[in-house]
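Enquirer: Protein chains in written order, with my numbering: chain H, 19 to 361; chain X, 19 to 361. Just so you know, even glycine gets a beta-carbon here, dropped at the ideal spot from N, CA and C. All figures in this text were calculated on a predicted structure; none of them were measured in a lab. Here it is, the structure, as structure tokens.
Number of protein chains: 2
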Amino acid sequence: MSPATVSNAYNRPDQLSAELREQIFDTARRLGYAGPDAMARGLRRRRAGAIGVLYEDRLSYAFADPAAVLFLQGVSMATEDAGLGLLLLSGAPGAERDPEAVRGSVVDGFVVYSMSDGDPLVEAALERRLPAVVVDQPRIAGLPFIGIEDRESARSVAEHLIALGHRRFGVVSFAGSPDLFSGIADTARQEAAAYEVTRSRLRGYRSALEAAGVRWEDVPVYEHHESTTEAGRAAAEALLSRGPRPTTILCLSDQLALGAMEAVRSMGLSVPKDISVVGFDDVPEAARATPPLTTVRQPHVEKGALAGRILLARIREEDLPEPKLLPTRLVVRGSTAPPGDRF
Amino acid sequence: MSPATVSNAYNRPDQLSAELREQIFDTARRLGYAGPDAMARGLRRRRAGAIGVLYEDRLSYAFADPAAVLFLQGVSMATEDAGLGLLLLSGAPGAERDPEAVRGSVVDGFVVYSMSDGDPLVEAALERRLPAVVVDQPRIAGLPFIGIEDRESARSVAEHLIALGHRRFGVVSFAGSPDLFSGIADTARQEAAAYEVTRSRLRGYRSALEAAGVRWEDVPVYEHHESTTEAGRAAAEALLSRGPRPTTILCLSDQLALGAMEAVRSMGLSVPKDISVVGFDDVPEAARATPPLTTVRQPHVEKGALAGRILLARIREEDLPEPKLLPTRLVVRGSTAPPGDRF
DNA sequence: CTGAAAGCGCTTACAG
DNA sequence: CTGAAAGCGCTTACAG
């Protein structure tokens with residue numbers, strides 16, 4: 019009973035007699051042998067049996083973000099079809115961002131999900147020289163990219179408000195850079211944003227407004243480092259307390275927009291009669307909100323599934339065409355209307 | 019520049035001069051060396067740097083189930099504090115339930131999350147002889163168990179309906195056994211359920227109803243193999259189409275209850291005037307529903323965090339006390355009222 | 001169908 | 001501060 023024979027008993031039943039195989043399993047049971055060690059087998063076979071997902075923030079935030087959950091659902095569809103595990107790697111345990119977990123993670127490839135330019139965890143992942151794909155951001159030459167037309171999509175929702183007659187805007191943005199800043203972001207800060215998605219969406223708004231003769235410098239952009247309803251609420255309250263009060267609030271995510279609607283209500287105003295609110299993402303909560311939220315739909319689950327499939331193809335060294343950007347669509351619902359004449 | 023020195027450059031900077039270390043990194047860069055291989059390092063150090071979560075179903079379902087997402091959020095809080103990754107393992111790619119992924123998964127321990135008695139994936143995990151904890155089900159001697167008083171909690175919500183005056187009940191259950199059965203489950207099937215949680219909750223309802231003189235054999239239990247709003251809707255429609263029509267529907271999960279409420283409405287009836295509906299879990303959607311759902315609150319996030327912490331303690335060979343069951347609470351909202359006299 | 005040999009890529013005492 | 005040696009637990013041709 020050489021090691022090779024034991025190995026064959028577990029991995030290649032056809033290489034030995036059924037009796038011998040059973041006898042080996044019996045002996046294993048008696049000796050308390052737990053079967054081939056996963057790590058040693060992986061080292062020898064040169065595959066980990068899992069793909070890693072790098073997430074910007076604390077993982078616990080990802081599970082609280084409907085868009086991220088839908089994305090992960092899509093990735094999991096691809097990995098489970100392939101019999102692979104899905105290893106979730108945390109971005110930021112506190113302020114540390116220790117790349118050690120990324121260096122030591124036992125995976126066959128990485129999905130980089132919406133991270134900032136120059137993120138040390140992304141760099142640690144790239145140093146591993148494993149197959150990788152990037153979703154949303156950052157753009158990295160040579161890596162497959164899965165995302166949407168952020169700029170054009172943002173422009174379309176701003177144009178919708180312009181068409182309704184709005185001229186006084188406020189913007190609620192999620193983080194422009196990973197420095198935990200919250201407050202009014204001037205144009206210098208906007209342009210210096212380390213998050214490509216933030217930059218692009220703001221530019222999209224800007225181009226729509228400027229095309230209508232609105233001075234972008236006069237549009238207050240409230241940036242909050244989180245993309246939650248609480249953040250949206252706080253940001254919108256700040257915007258609505260300033261003069262001249264905007265007639266509409268553009269939000270970079272639905273979570274922010276849902277919070278902004280709460281803020282409007284808490285100030286005794288009504289959506290959309292007094293203030294129109296728009297979001298971005300079209301998470302399921304957007305359609306269920308009161309009023310239902312006007313937003314930009316993007317296909318979160320498909321995005322994840324595509325990222326997973328492309329990564330798997332890279333791992334298997336199949337050659338896949340460079341992925342195209344996924345389609346988005348303006349979804350007009352009840353949270354937008356022409357500006358009221360109350361002011 | 020022996021292998022040991024290179025290893026030290028990466029792992030123990032204090033063991034060599036800064037210059038030599040830089041020189042090693044330079045050479046590594048030039049040669050395209052990606053740094054220590056994660057798997058080989060793991061084999062040598064005997065740790066994987068991740069914990070595995072075993073989920074009954076397709077992983078993509080987990081991400082669609084608010085209770086599961088909250089649970090994973092809790093687990094991730096524990097793992098990211100410890101700098102570990104979270105490896106999600108799929109239960110069922112189709113009907114296969116291939117334990118190969120469980121056997122080969124590179125983890126330091128397992129969280130078994132709500133699986134059936136005798137599940138082959140659970141057995142494969144246990145054969146690995148790694149530290150493990152079980153959440154909700156199945157009960158396995160010798161393993162730490164994290165869960166709630168399912169029977170007592172279910173009894174309390176049924177007693178609430180009894181106290182309101184209801185005597186004609188219908189029950190909507192999720193899977194009793196992993197055989198994909200959907201339809202009315204008789205008492206034999208109920209008792210034979212391979213899911214401990216299903217058994218316990220049904221027993222809890224039963225004891226409350228029988229204490230009030232209601233014959234359990236007369237209570238239709240519609241079992242659906244999924245726990246989704248669509249399933250709840252279909253099940254409730256079936257129950258409401260039978261005579262004598264129940265005045266209230268007990269649902270084993272909030273997802274099922276949310277669907278049951280849709281069914282009531284789609285039949286031109288009103289919740290709670292015509293039909294009272296109760297759920298179980300108190301997911302965020304329950305409070306936001308119209309009307310808000312009466313249900314049993316259980317602490318999903320805490321459950322996950324506790325499971326994670328106990329598993330980590332086992333991995334580190336710290337001795338933790340056997341965990342107690344987590345508290346639940348009946349939350350009475352607008353979906354329950356005394357039975358109407360319309361029938 | 002079975003077993004001896006090489007090697008996957010690393011880390012860890014240990015001797016110098 | 002540096003390097004030679006042993007070994008983590010397995011799998012895979014290969015020879016018999």
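Name the two residues that bound the continuous alpha helix (DSSP H) containing I180 of chain X.
Expert: Stepping through the second sequence from its first residue, residue 180 of chain X is reached at position 162. Note, I180 of chain X: alpha helix (DSSP H), D168 to L182.
Enquirer: Counting C-beta neighbours from all protein chains within 10 Å, is the total for Q273 of chain X 16 or more, i.e. buried, or is it exposed?
Expert: As a first step, residue 273 of chain X must be located in the second sequence, where it is residue number 255. Buried, because 16 or more other Cβ atoms sit within 10 Å of the Cβ of Q273 of chain X.
Enquirer: Taking beta-carbon pairs under 8 Å, can you tell me which members of the stretch 242-270 of chain X lie near chain H?
Expert: Within the stretch 242-270 of chain X, no residue has a Cβ that lies closer than 8 Å to any Cβ of chain H.
Enquirer: Quick one, which of X:S78, X:A85, X:R115 and X:D99 has its alpha-carbon nearest L104 of chain H's?
Expert: Taking the first residue of the first sequence as position 1, residue 104 of chain H is located at position 86. Nearest option by C-alpha distance: X:S78.
Enquirer: For A275 of chain X and G352 of chain X, I'd like the C-alpha separation in whole angstroms.
Expert: Translated into the one-based positions of the second sequence, residue 275 of chain X becomes position 257. Translated into the one-based positions of the second sequence, residue 352 of chain X becomes position 334. Computed Cα separation, rounded: 13 Å.
Enquirer: When the Cα atoms are used, what is the spatial distance from P302 of chain X to L49 of chain H?
Expert: Along the second sequence, read from residue 1 onward, the residue named residue 302 of chain X stands at position 284. Along the first sequence, read from residue 1 onward, the residue named residue 49 of chain H stands at position 31. Rounded to whole angstroms, P302 of chain X to L49 of chain H spans 49 Å at the Cα level.
Enquirer: Could you check whether the stretch 178-187 of chain H touches the stretch 148-165 of chain H, counting it as contact only if at least three pairs of C-beta atoms, one from each stretch, sit closer than 8 Å?
Expert: Segments in contact, no.
Enquirer: Using a Cβ-Cβ distance cut-off of 8 Å, determine whether S288 of chain X contacts chain H.
Expert: For the purposes of this step, residue 288 of chain X is taken as residue 270 along the second sequence, with counting starting at 1. Not one chain H Cβ lies under 8 Å of S288 of chain X.
Enquirer: Would you mind giving the Cβ-Cβ distance between G60 of chain X and V124 of chain H, rounded to the nearest angstrom? I have them listed as a contact below 8 Å.
Expert: Translated into positions along the second sequence, residue 60 of chain X becomes position 42. Translated into positions along the first sequence, residue 124 of chain H becomes position 106. Indeed, because the Cβ distance is near 6 Å, the residues count as touching under 8 Å.
Enquirer: Using the DSSP secondary-structure output, state which residues sit across from I267 of chain X in a beta bridge.
Expert: For this step, residue 267 of chain X is matched to residue 249 along the second sequence. I267 of chain X is bridged to X:G188 and X:V295.
Enquirer: Let me check understanding here. Comparing Cα to Cα, which of H:F128, H:Y223 and H:G136 lies closest to V175 of chain H?
Expert: Here residue 175 of chain H corresponds to residue number 157 of the first sequence, with the count starting at 1. Checked all of H:F128, H:Y223 and H:G136; the closest Cα to V175 of chain H is H:Y223.
Enquirer: Can you check the stretch 34-101 of chain X for any beta strand (DSSP E) of at least 3 residues that lies completely inside it and give the ranges in chain order?
Expert: Complete beta strand (DSSP E) runs here, min 3: 68-73.
Enquirer: If we count the other Cβ atoms within 10 Å of its Cβ and call it buried at 16 or more, is D204 of chain X buried or exposed?
Expert: Locating residue 204 of chain X in the second sequence gives position 186, counting from the first residue. When all chains shown are included, D204 of chain X counts as exposed.
Enquirer: If we define contact as Cβ-Cβ less than 8 Å, is D116 of chain H a contact residue for chain X?
Expert: Residue mapping note: residue 116 of chain H aligns to position 98 of the first sequence, counting from 1. Yes, its Cβ sits closer than 8 Å to a Cβ of chain X.
Enquirer: On the criterion of 16 or more Cβ atoms from any shown chain inside 10 Å, does M19 of chain H qualify as buried, or is it exposed?
Expert: Looking up residue 19 of chain H in the first sequence gives position 1. Exposed is the call here.
Enquirer: Look at R121 of chain H and A142 of chain H and say whether their C-beta atoms are less than 8 Å apart.
Expert: Here residue 121 of chain H refers to the residue found at position 103 when the first sequence is read from its first residue. Here residue 142 of chain H refers to the residue found at position 124 when the first sequence is read from its first residue. For R121 of chain H and A142 of chain H, yes; Cβs fall inside 8 Å.
Enquirer: Pick helix, strand or coil for Y240 of chain X, following the three-state DSSP scheme.
Expert: On the second sequence, position 222 is the one that residue 240 of chain X refers to. The answer is strand: DSSP assigns Y240 of chain X an E or B state.
Enquirer: Roughly how many angstroms lie between the CA atoms of D116 of chain H and A56 of chain X, to the nearest whole one?
Expert: Along the first sequence, one-based indexing puts residue 116 of chain H at 98. Along the second sequence, one-based indexing puts residue 56 of chain X at 38. When rounded, the distance between both Cα atoms is 16 Å.
Enquirer: Say whether chain H places a C-beta atom closer than 8 Å to the C-beta of Q41 of chain X.
Expert: By one-based count along the second sequence, residue 41 of chain X stands at place 23. No, Q41 of chain X does not count as interfacial toward chain H.
Enquirer: Is the stretch 328-336 of chain H touching the stretch 282-300 of chain H, taking contact as three or more C-beta pairs under 8 Å?
Expert: No, because fewer than three Cβ pairs between the stretch 328-336 of chain H and the stretch 282-300 of chain H fall closer than 8 Å, the two stretches do not touch.
Enquirer: Residues of chain X with a CB under 7 Å from the CB of L107 of chain H: which are they?
Expert: Counting from one through the first sequence, the residue named residue 107 of chain H turns up at place 89. Within chain X, the residues near L107 of chain H are G103.
Enquirer: Are the CB atoms of S35 of chain H and Y73 of chain H within a distance shorter than 8 Å?
Expert: Position 55 of the first sequence, counting from 1, holds the residue named residue 73 of chain H. Position 17 of the first sequence, counting from 1, holds the residue named residue 35 of chain H. For Y73 of chain H and S35 of chain H, no; Cβs fall outside 8 Å.
Enquirer: Since I362 of chain H and G188 of chain H should fall inside the 8 Å C-beta cutoff, what is the C-beta to C-beta distance between them, to a whole number of angstroms?
Expert: Residue 362 of chain H is absent from the model: chain H starts at 19 and stops at 361.
Enquirer: Considering only their Cβ atoms, is the gap separating A96 of chain H from R327 of chain H smaller than 8 Å?
Expert: Taking the first residue of the first sequence as position 1, residue 327 of chain H is located at position 309. Taking the first residue of the first sequence as position 1, residue 96 of chain H is located at position 78. Closer than 8 Å, so yes.
Enquirer: Mind checking which residues open and close the alpha helix (DSSP H) that includes V140 of chain X?
Expert: As a position in the second sequence, residue 140 of chain X is number 122, starting the count at 1. Counting along the chain, the alpha helix (DSSP H) containing V140 of chain X begins and ends at P138 to E145.
Enquirer: Go through its chain and collect everything with a Cβ distance to D135 of chain H's Cβ below 6 Å, but skip five positions before and after it.
Expert: Mapped onto the first sequence, residue 135 of chain H falls at position 117. Closer than 6 Å at Cβ, skipping near neighbours: P156 and A212.
Enquirer: Could you check where the beta strand (DSSP E) with T313 of chain H kicks off and where it finishes?
Expert: Along the first sequence, one-based indexing puts residue 313 of chain H at 295. That run of the beta strand (DSSP E) goes T313 to R315.
Enquirer: Exposed or buried, V140 of chain H, counting other C-beta atoms within 10 Å across all chains shown (16 or more means buried)?
Expert: As a working mapping, residue 140 of chain H is identified with position 122 in the first sequence. Answer is buried; the Cβ neighbour count reaches 16.
Enquirer: Taking Cβ positions only, does K320 of chain X come closer than 8 Å to chain H?
Expert: The residue you call residue 320 of chain X lines up with position 302 of the second sequence. Per the sequence shown, the amino acid found at residue 320 of chain X is Glu instead of Lys. It does not: the Cβ of E320 of chain X has no partner Cβ on chain H nearer than 8 Å.
Enquirer: For G165 of chain H, which of H:A172, H:R173 and H:V152 has the nearest alpha-carbon?
Expert: Here the question's residue 165 of chain H lines up with position 147 in the first sequence. Looking at the Cα atoms, H:V152 is the closest of the given residues.
Enquirer: Please classify T312 of chain X as buried or exposed, where buried requires at least 16 other C-beta atoms within 10 Å of its C-beta.
Expert: As a first step, residue 312 of chain X must be located in the second sequence, where it is residue number 294. Buried.
Enquirer: For the candidate residues H:W234, H:S225 and H:L348, whose alpha-carbon lies nearest to that of A304 of chain H?
Expert: In the first sequence, the residue the question calls residue 304 of chain H occupies position 286. Selected option, being the one with the closest Cα: H:L348.
Enquirer: Rank H:S294, H:E235, H:T354 and H:E320 by C-alpha distance to the C-alpha of K342 of chain H and give the top, closest one.
Expert: The sequence position of residue 342 of chain H within the first sequence is 324, counting from 1. The residue with the shortest Cα to Cα distance from K342 of chain H is H:E320.
Enquirer: If you draw a straight line from the alpha carbon of F199 of chain X to that of P264 of chain X, how long is it in whole angstroms?
Expert: Along the second sequence, read from residue 1 onward, the residue named residue 199 of chain X stands at position 181. Along the second sequence, read from residue 1 onward, the residue named residue 264 of chain X stands at position 246. So the alpha carbons of these two residues sit roughly 23 Å apart.
Enquirer: For Y131 of chain H, report the span of its alpha helix (DSSP H) as first-last.
Expert: Position 113 of the first sequence, counted from the first residue, corresponds to residue 131 of chain H. From DSSP, Y131 of chain H is part of no alpha helix (DSSP H) but of the beta strand (DSSP E) over F128 to Y131.
Enquirer: Does V295 of chain X get closer than 8 Å to chain H when you measure Cβ to Cβ?
Expert: The count along the second sequence starts at 1 and reaches residue 295 of chain X at position 277. Taking Cβ atoms only, chain H never reaches closer than 8 Å to V295 of chain X, which makes this a no.
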